[in-house]
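Worksheet for the structure shown next.
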Amino acid sequence: MASSYLSPLLLSLAVCLTASGAVNPGFVVRITQKGLDYARQEGMAVLQQQLSRIHLPDFSGSAHTPVGKVKYSFNSLSIRNFQLPSSQISPVPAVGLKLSISGAFIEISGRWRVKAHFISTSGGFDVKVQGLSISVGLRVGSDAAGRPTIVLSDCSNHISDVTVHVSGKLRYIGEFFDLSHRSPPPFSPPALTLPDDHNLMIYFGVSDYLFNTAALVYHSAGKLVFNVTDNMVPKDFSVRLNTTSFGVLIPQLLKMYPDMLMKLRISSTSAPSLDIRPGNVTISPKLDIQAYVILPNTSLAPAFLLNLTTTALAKVAVNAGRIVGNLELNRVQMDLKHSDVGPFSVVILNAAVNYYLSHILLPQVNEKLNTGYPLPLLDNVQLTDVILQPQQDFLLFGANIHYGKTVNSSWADGIVTLI
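Quick note on our numbering: the sequence shown kicks off at 33 and runs consecutively.
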């Protein structure tokens with residue numbers, strides 16, 4: 033290494049500085065700047081040659097993320113290029129030496145791999161460190177016995193630019209499926225092509241296929257069922273969920289079941305479908321609303337069954353590392369599918385049902401949507417400059433990445449909404 037050239041030089045300097053304190057020393061050495069320059073030149077050549085032969089060890093580990101445990105590994109690391117264009121050794125009077133390197137350049141390449149329970153990806157990477165400056169101060173002196181000593185007095189460094197290029201393919205999240213029974217969905221995933229944007233560090237594409245397979249699984253598992261009872265209706269709403277209030281709209285209901293509480297069971301007749309297009313995200317659920325009368329013995333007597341179709345505007349956002357959503361109902365159409373209390377017009381029920389949907393059902397749905405889908409982030413990774421844009425058949429997500437245990441901006445405490 034370069035120390036084979038620098039050690040005799042430093043030792044001579046130490047002897048020189050130590051002896052200079054004595055009266056009429058018997059041995060005197062002077063090292064000129066020219067000598068220091070030669071030692072620097074030879075030492076840097078040896079240093080650069082040795083660095084090119086260094087073997088960097090593989091390393092691996094794991095991290096707990098919002099989407100579970102993620103394992104990662106880095107291997108085949110090598111220093112492809114290392115340059116020391118400018119260096120200097122200069123004496124510091126009555127102290128020792130100052131070694132400085134400026135404008136250094138180093139390039140490291142290798143392979144990487146990431147595994148999780150739903151994702152597996154690998155590829156290569158190149159890291160370029162430019163504008164590397166190092167300054168080292170050496171204090172030269174002697175100990176109590178007069179032996180020469182060399183002590184590190186100060187050290188500083190600076191990097192002006194780091195460029196990371198990552199290549200590889202990501203096995204996207206294909207879909208949601210029931211763990212107990214996996215069956216192919218009745219639709220195929222659309223082509224997903226990210227636009228050629230490079231202003232941000234990372235881009236994700238979340239296809240509507242992902243959301244629609246999730247809706248299919250939840251529907252098949254019977255999870256898209258909601259019950260509405262009178263105690264869920266705000267106290268200031270005049271139309272209560274009982275036969276007395278509904279009897280004004282459906283007189284025969286009150287005659288059959290005087291002054292009894294009612295219950296609405298709202299369920300999806302098919303999996304709701306999300307449609308993502310540039311600048312717009314909509315969902316068109318189809319619902320059955322089964323009305324029951326709660327009898328004195330707490331059993332349920334069916335009253336009528338309504339079919340409801342609507343179109344909802346989906347607002348998509350990013351909140352604290354999760355993709356969250358919020359629905360707003362647009363158009364509601366109701367039809368009477370069956371009545372156990374005789375025929376009646378659904379027009380008179382429109383206002384009441386719309387109120388129940390918008391003030392009771394919708395908040396329950398939005399509460400689940402606000403839980404959101406977690407983004408695959410490692411621990412202590414923060415995102416800034418977040419964008420979320422609806423494209424054809426997918427949501428484009430982009431951000432810059434910041435690694436650290438503290439968040440320097442307020443994005444994580446707010447919501448970035450694009451539509």
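For each residue, glycine too, the CB sits at the ideal point set by N, CA and C. No experiment lies behind these values; they were computed from the predicted model shown.
- Euclidean distance between Cα positions of Gly420 and Leu428: The question names Gly, but residue 420 in the sequence shown is Leu. If I take the Cα positions, the gap works out to 6 Å.
- Message: I'd like the span of the alpha helix (DSSP H) that includes Ala477, first residue to last.
- Response: A question about residue 477 goes unanswered here, because the residues of the chain that appear run from 33 up to 451.
- Query: Taking the C-alpha atoms as reference points, what is the distance between Phe219 and Ile111?
  - Reply: 48 Å
- The alpha helix (DSSP H) spanning Gln365 covers which residue range? It is not in any alpha helix (DSSP H) - Gln365 instead sits in the beta strand (DSSP E) that spans Arg354 to Ser371.
- Task: State buried or exposed for Asp240, treating a residue as buried only when at least 16 other CB atoms are found within 10 Å of its CB.
- Result: buried
- Message: Checking the sheet assignment: what are the DSSP bridge partners for Pro422?
- Response: Leu427
- Item | Cross-strand partners of Gln322 (DSSP beta bridge) | Arg297 and Leu337
- What residues in its chain sit with their C-beta under 7 Å from that of Ser192, if we drop five residues either side in the sequence? Gln162 and Gly163
- Message: I need the straight-line Cα distance from Ala431 to Leu226, nearest angstrom please.
- Response: 14 Å
- Query: Who pairs with Asn274 in a beta bridge, going by DSSP?
  - Reply: Leu293
- With DSSP as the reference, please indicate the residues paired to Arg171 in a beta bridge. Gly128 and Val183
- Task: Use the C-beta contact count for Leu327: other C-beta atoms within 10 angstroms, 16 or more gives buried, fewer gives exposed.
- Result: exposed
- First and last residue of the alpha helix (DSSP H) that includes Asp229? No alpha helix (DSSP H) holds Asp229; DSSP gives it neither H nor E.
- Where Asp268 and Leu296 are concerned, what is the direct C-alpha to C-alpha distance, given to the nearest angstrom? 19 Å
- Phe243 by DSSP, collapsed to three states: which one? helix
- Take every Cβ of the segment 69-78, pair it with every Cβ of the segment 115-124, and state whether three or more of those distances are shorter than 8 Å. yes
- Task: Mind checking who Arg143 pairs with in its DSSP beta bridge?
- Result: Asn107 and Gly156
- By the 10 Å Cβ neighbour count, where 16 or more other Cβ atoms means buried, how is Ile380 classified, buried or exposed? exposed
- Let me know the secondary structure DSSP gives Pro395 once reduced to three states. helix
- What separation, rounded to the nearest whole angstrom, lies between the Cα atoms of Thr416 and Leu232? 9 Å
- Closer than 7 Å, CB to CB, is Ser154 near chain D or not? Protein chain content of the structure displayed is limited to a single chain, and chain D is not contained in it.
- Taking the beta strand (DSSP E) that Leu306 falls in, what are its first and last residues? Leu306 to Arg309
- Among all the DSSP beta bridges, which residues are the ones paired with Ala346? Leu359
- Task: Might you give, ordered along the chain, the residues of its own chain that have their beta carbon closer than 6 Å to the beta carbon of Pro304, omitting 5 neighbours on each side?
- Result: Ala247, Ile315 and Pro317
- Task: For Pro310, I'd like the list of residues in its chain whose CB is within less than 7 Å of its CB, leaving aside the five on either flank, ordered along the chain.
- Result: Pro422, Gln423 and Gln424
- Item | Sheet register partners of Ala77 (DSSP bridge) | DSSP, once it has assigned bridges, lists no residue as partnering Ala77.
- Which one of Lys347, Gly357 and Asp69 has the shortest CA to CA distance from Ser132? Asp69
- Using the Cα positions of Gln82 and Asp186, report the straight-line distance between them to the nearest angstrom. 25 Å
- Query: Between Ser188, Leu109, Lys130 and Phe106, which lies nearest to Gln65 when the distance is taken from Cα to Cα?
  - Reply: Lys130
- Mapping DSSP to helix, strand and coil, what is Val55? Reliability of the predicted coordinates at Val55 is poor, the pLDDT of 47 falling under 50, and the value obtained from them is presented with this limitation in mind. Correct three-state label for Val55: coil.
- Query: Under a three-way DSSP split, which group does Lys287 fall into?
  - Reply: helix
- Query: When the Cα of Gln80 is compared with those of Lys147, Asn113 and Asn362, which residue comes out closest?
  - Reply: Asn113
- Query: Is it buried or exposed for Ile86, if we count other Cβ within 10 angstroms and need 16 for buried?
  - Reply: exposed
- Item | Residue burial classification, Gly357 (beta-carbon count within 10 angstroms, cutoff 16) | buried
- Message: Taking the beta strand (DSSP E) that Phe258 belongs to, which residues open and close that run?
- Response: Val257 to Thr261
- Item | Opposing strand residues paired with Gln414 [DSSP bridges] | His434
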